[in-house]
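Participant: First the structure, which I've put down as structure tokens, then a few questions once you've had a look.
Numbering (our numbering), first residue to last: 51 to 626.
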């Protein structure tokens with residue numbers, strides 16, 4: 051590509067052009083208008099060239115998908131009808147990731163960012179329902195790991211921080227991926243540094259040619275006149291380490307205790323792909339749990355934790371090139387010295403949380419081999435979820451030791467020491483459970499998605515507490531003023547206590563279908579009998595069963611149902 055200057059009247063204009071071969075001839079094509087000054091044109095030209103290279107590399111590295119592909123600009127797929135009534139499955143019986151993206155778009159869960167401009171690779175927007183679901187997921191995480199505990203506090207660090215932080219943490223040197231191309235089949239992909247020269251092409255077994263190393267940190271500048279380089283954070287962890295002394299002083303905690311955070315992170319991925327799974331902007335929910343360096347016994351680890359069963363892909367199997375899963379328990383892993391008691395305790399707590407979301411049956415835990423461990427970790431375990439496109443990481447748990455506090459102490463000159471109960475100064479060690487929040491969101495949608503042959507529509511079986519809409523209120527007919535009036539009263543009665551929809555459009559059956567498709571657990575119908583008996587019908591999303599409940603008891607009954615305090619069949623009088 052090259053810059054050209056055109057003079058129109060007394061003014062100069064700069065354009066970016068590139069040469070292409072067309073019908074055997076080389077022709078020049080205008081790519082973009084660059085501005086009115088040479089300096090402005092050169093800056094814009096560099097940005098455009100960089101973006102084109104990244105997009106081209108992304109196309110090379112994007113995995114091929116069997117079957118029909120969603121039109122990335124229009125979001126169309128012939129396998130899913132426009133009204134979203136008919137579901138789509140791939141040949142193996144599972145919904146494809148492309149169809150899942152189409153479903154999320156059409157139901158208002160997730161949209162491609164900058165859709166009107168053709169989208170921007172690696173960036174996504176949550177729609178109305180997606181925002182509700184994601185906020186419910188955040189609140190559930192926060193309640194389980196922070197509010198329900200007395201040893202955890204929260205914080206929210208800035209997205210941009212002092213660049214020295216990323217030098218001390220090792221991100222500027224070690225936070226990168228390698229782009230490679232197979233010599234034999236020419237397939238392109240990316241691998242970790244630790245895999246270079248050790249792994250071969252999964253497609254044909256050929257050797258890889260290295261295309262270059264790419265740091266994943268997003269670089270930016272701070273200041274209008276005296277600019278300085280800075281970075282968008284690649285993880286939330288560092289803010290919890292750099293603010294450790296301040297939180298220790300103000301939080302009035304003692305070891306062991308944790309600092310939690312959910313926040314946006316940014317990684318300049320070589321090849322964003324698989325919908326929400328690999329993005330350039332995303333949320334991480336994680337916490338750093340600080341422990342006395344000499345404390346090996348975990349007083350929070352009980353027999354119930356030790357008995358938790360998991361499917362483990364251990365280091366031994368991976369070294370043999372096998373994928374055989376080992377049925378084991380947290381207690382047995384501790385006995386085998388794969389991890390310490392504190393590490394095992396937090397691994398168990400993560401399993402319990404995933405189980406509460408209904409995801410644990412499709413999760414395996416993968417032990418990192420010694421040669422793939424991050425520079426800060428002595429032991430790491432991944433939680434891999436069985437997505438439509440494969441079993442991949444949704445969460446992790448690393449033993450970070452004293453690395454981060456020690457590093458920031460060296461680079462800042464501050465001492466990250468605390469007094470223990472003996473009055474001795476110690477640098478705490480750290481266990482770090484971490485979750486990719488968009489990945490958990492995607493797992494919930496994928497696991498909840500069902501095409502019900504009997505109903506002939508999609509049923510999104512989300513956990514009741516996470517569902518974006520908790521209840522929907524319908525007047526059975528919309529041309530009866532008294533029925534509509536009572537339906538509105540019922541809607542007003544419950545909507546301040548839970549997210550509720552009011553719907554009087556179409557048949558009642560179609561209204562049920564619409565709410566099945568977005569995961570609404572309970573639909574409330576007001577009919578002619580409601581006017582006489584002051585009661586309503588509640589319909590269960592998962593079973594289609596219905597019960598009759600007095601309007602005066604409705605709010606209490608719904609709260610108990612959402613909290614699983616009563617069985618649906620006992621919530622009222624069953625309707626046959």
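Beta carbons are placed, not taken as given, at the ideal position from N, Cα and C, and that holds for glycine. Because the structure is a prediction, the values reported are computed rather than measured.
Among 70, 58, 91, which residue has its Cα nearest to the Cα of residue 64?
Facilitator: Taking the chain shown and counting its residues from 1, one reaches residue 64 at position 14. Looking at the Cα atoms, 91 is the closest of the given residues.
Participant: Between which residues of its own chain and residue 115 is the CB-CB distance below 6 angstroms, once the five residues before and five after are set aside?
Facilitator: Here the question's residue 115 lines up with position 65 in the chain shown. The predicted model places residue 115 with a pLDDT of 35, which falls under 50 and marks its position as unreliable; any figure quoted below should be read in that light. Cβ within range, chain order: n/a, list empty.
Participant: How long is the line joining the alpha carbons of residue 468 and residue 403, rounded to whole angstroms?
Facilitator: Here residue 468 is taken as the residue at index 418 of the chain shown, counted from 1. Here residue 403 is taken as the residue at index 353 of the chain shown, counted from 1. Distance between the alpha carbons of residue 468 and residue 403: 31 angstroms.
Participant: Given that a residue counts as buried once 16 or more other Cβ atoms are within 10 Å of its Cβ, and exposed if not, what is residue 447?
Facilitator: Sequence index remark: in the chain shown, residue 447 carries index 397 (1-based). Buried: at least 16 other Cβ atoms inside 10 Å.
Participant: Going by DSSP, what residue range makes up the beta strand (DSSP E) through residue 525?
Facilitator: Locating residue 525 in the chain shown gives position 475, counting from the first residue. Note, residue 525: beta strand (DSSP E), 521-525.
Participant: Drop a sphere of 10 angstroms on the beta-carbon of residue 259, count the other beta-carbons inside from all chains shown, and report buried for 16 or more, exposed for fewer.
Facilitator: Here residue 259 refers to the residue found at position 209 of the chain shown. It is exposed - the Cβ of residue 259 has fewer than 16 other Cβ atoms within 10 Å.
Participant: Please specify which runs of the alpha helix (DSSP H), each continuous and at least 4 residues long, are wholly inside the stretch 191-263, giving them in chain order.
Facilitator: For the stretch 191-263, whole alpha helix (DSSP H) runs of length 4 or above, ordered along the chain, are 214-219, 221-224.
Participant: So what's residue 104 in DSSP terms, helix, strand or just coil?
Facilitator: Working through the chain shown from its first residue, we reach residue 104 at position 54. Because the pLDDT at residue 104 is just 49, under 50, the model does not fix this residue reliably, and the point stays unresolved.
Participant: Does residue 433 pass the burial test, meaning 16 or more other C-beta atoms within 10 Å, or should it be called exposed?
Facilitator: Along the chain shown, read from residue 1 onward, the residue named residue 433 stands at position 383. Buried.
Participant: Within the chosen definition, does the stretch 515-524 reach the stretch 547-556 through at least 3 CB pairs nearer than 8 angstroms?
Facilitator: With the cut-off at 8 angstroms, the stretch 515-524 and the stretch 547-556 touch.
Participant: Are the Cβ atoms of residue 211 and residue 313 separated by less than 8 angstroms?
Facilitator: Along the chain shown, one-based indexing puts residue 211 at 161. Along the chain shown, one-based indexing puts residue 313 at 263. No, the Cβ-Cβ distance between residue 211 and residue 313 is not below 8 angstroms.
Participant: Is the beta carbon of residue 480 sitting closer than 8 angstroms to the one on residue 338?
Facilitator: Here residue 480 corresponds to residue number 430 of the chain shown, with the count starting at 1. Here residue 338 corresponds to residue number 288 of the chain shown, with the count starting at 1. A contact, by the Cβ cut-off of 8 angstroms.
Participant: If we ignore side chains and look at the alpha-carbon of each, how far apart do residue 365 and residue 400 end up?
Facilitator: Indexing the chain shown from 1 puts residue 365 at position 315. Indexing the chain shown from 1 puts residue 400 at position 350. Between residue 365 and residue 400, the C-alpha separation is close to 20 angstroms.
Participant: Between the stretch 444-462 and the stretch 478-496, are three or more C-beta pairs nearer than 8 angstroms?
Facilitator: Yes: the two stretches touch, three or more of their Cβ pairs being nearer than 8 angstroms.
Participant: Counting Cβ pairs, one atom from each stretch, are 3 or more of them under 8 angstroms apart for the stretch 269-287 and the stretch 236-254?
Facilitator: No contact exists between the stretch 269-287 and the stretch 236-254.
Participant: Between residue 269 and residue 352, what straight-line distance do the alpha-carbon atoms span, to the nearest angstrom?
Facilitator: One-based indexing of the chain shown puts residue 269 at position 219. One-based indexing of the chain shown puts residue 352 at position 302. One C-alpha to the other measures close to 45 angstroms.
Participant: How many Å lie between residue 265 and residue 570 at the Cα?
Facilitator: Taking the chain shown and counting its residues from 1, one reaches residue 265 at position 215. Taking the chain shown and counting its residues from 1, one reaches residue 570 at position 520. Whole-angstrom Cα-Cα distance: 43 angstroms.
Participant: Check whether the stretch 320-334 touches the stretch 346-363, counting contact only when three or more Cβ pairs, one atom from each stretch, lie closer than 8 angstroms.
Facilitator: At 8 angstroms Cβ cutoff, the stretches do not touch.
Participant: Give the list of continuous alpha helix (DSSP H) stretches no shorter than 4 residues that lie fully inside the stretch 485-551.
Facilitator: Entirely contained in the stretch 485-551, the alpha helix (DSSP H) runs reaching 4 residues are, in chain order, 487-498, 531-544.
Participant: From the DSSP output, in three-state form, read off residue 687 for me.
Facilitator: No statement about residue 687 is possible, as the shown extent of the chain runs from 51 to 626 and does not include it.
Participant: What are the boundary residues of the alpha helix (DSSP H) that includes residue 604?
Facilitator: Here residue 604 refers to the residue found at position 554 of the chain shown. Start and end: 601-612.
Participant: What ranges does the beta strand (DSSP E) occupy inside the stretch 294-339, keeping only unbroken runs of at least 3 residues that lie completely in it?
Facilitator: Counting whole runs of 3 or more residues, the stretch 294-339 contains the beta strand (DSSP E) stretches 307-316.
Participant: Using only alpha-carbon positions, find the residue among 512, 97, 458 that is nearest to residue 568.
Facilitator: On the chain shown, position 518 is the one that residue 568 refers to. Taking only the C-alpha atoms, the option nearest residue 568 is 512.
Participant: Are at least three pairs of beta-carbons, each pair with one atom in the stretch 294-308 and one in the stretch 220-237, less than 8 angstroms apart?
Facilitator: Segments in contact, no.
Participant: Counting only the same chain and skipping the five closest in sequence on each side, list residues whose C-beta sits under 7 angstroms from that of residue 623.
Facilitator: Here residue 623 is taken as the residue at index 573 of the chain shown, counted from 1. Answer for residue 623: 597, 598, listed in chain order.
Participant: Less than 8 angstroms between the C-beta atoms of residue 576 and residue 533, yes or no?
Facilitator: Position 526 of the chain shown, counted from the first residue, corresponds to residue 576. Position 483 of the chain shown, counted from the first residue, corresponds to residue 533. Contact flag set, yes.
Participant: Buried or exposed, going by whether 16 or more other CB atoms sit within 10 Å of the CB of residue 613?
Facilitator: Residue numbering aside, residue 613 sits at position 563 when the chain shown is read from its first letter. Exposed, because fewer than 16 other Cβ atoms sit within 10 Å of the Cβ of residue 613.
Participant: Check each candidate in 198, 605, 412, 428 and name the one with the smallest Cα separation from residue 393.
Facilitator: Counted from its first residue, the chain shown places residue 393 at position 343. Checked all of 198, 605, 412, 428; the closest Cα to residue 393 is 428.
Participant: Residue 325 and residue 151 look like a contact to me (Cβ under 8 angstroms); what is the Cβ gap, rounded to whole Å?
Facilitator: Working through the chain shown from its first residue, we reach residue 325 at position 275. Working through the chain shown from its first residue, we reach residue 151 at position 101. 5 angstroms between Cβ atoms; contact.
Participant: First and last residue of the alpha helix (DSSP H) that includes residue 591?
Facilitator: Your numbering for residue 591 matches position 541 in the chain shown. Premise fails: residue 591 is in no alpha helix (DSSP H) and is neither H nor E.
Participant: Does the stretch 226-241 come close enough to the stretch 200-217 to have 3 or more Cβ pairs within less than 8 angstroms?
Facilitator: Short answer: they don't touch.
Participant: If you pair each beta-carbon of the stretch 407-420 with each one of the stretch 364-380, do three or more pairs fall below 8 angstroms?
Facilitator: Enough Cβ pairs lie closer than 8 angstroms, so yes.
Participant: Under DSSP, the alpha helix (DSSP H) around residue 348 begins and ends at which residues?
Facilitator: The residue you call residue 348 lines up with position 298 of the chain shown. Careful: residue 348 lies outside any alpha helix (DSSP H) and carries neither H nor E.
Participant: Taking 8 angstroms as the threshold (C-beta atoms), are residue 531 and residue 438 in contact?
Facilitator: Within the chain shown, residue 438 is the residue found at index 388, counting from 1. Within the chain shown, residue 531 is the residue found at index 481, counting from 1. No, the Cβ-Cβ distance between residue 438 and residue 531 is not below 8 angstroms.
Participant: Assign residue 66 to buried or exposed, taking buried as 16 or more other Cβ atoms, counted over all protein chains shown, within 10 Å of its Cβ.
Facilitator: Start at 1 with the first residue of the chain shown, and residue 66 comes out as number 16. Buried, because 16 or more other Cβ atoms sit within 10 Å of the Cβ of residue 66.
Participant: Kindly give me the distance between the Cβ atoms of residue 267 and residue 185, rounded to whole angstroms, as I take these residues to be in contact under 8 angstroms.
Facilitator: Position 217 of the chain shown, counting from 1, holds the residue named residue 267. Position 135 of the chain shown, counting from 1, holds the residue named residue 185. At roughly 28 angstroms, the Cβ-Cβ gap does not stay under 8 angstroms, so residue 267 and residue 185 are not in contact.
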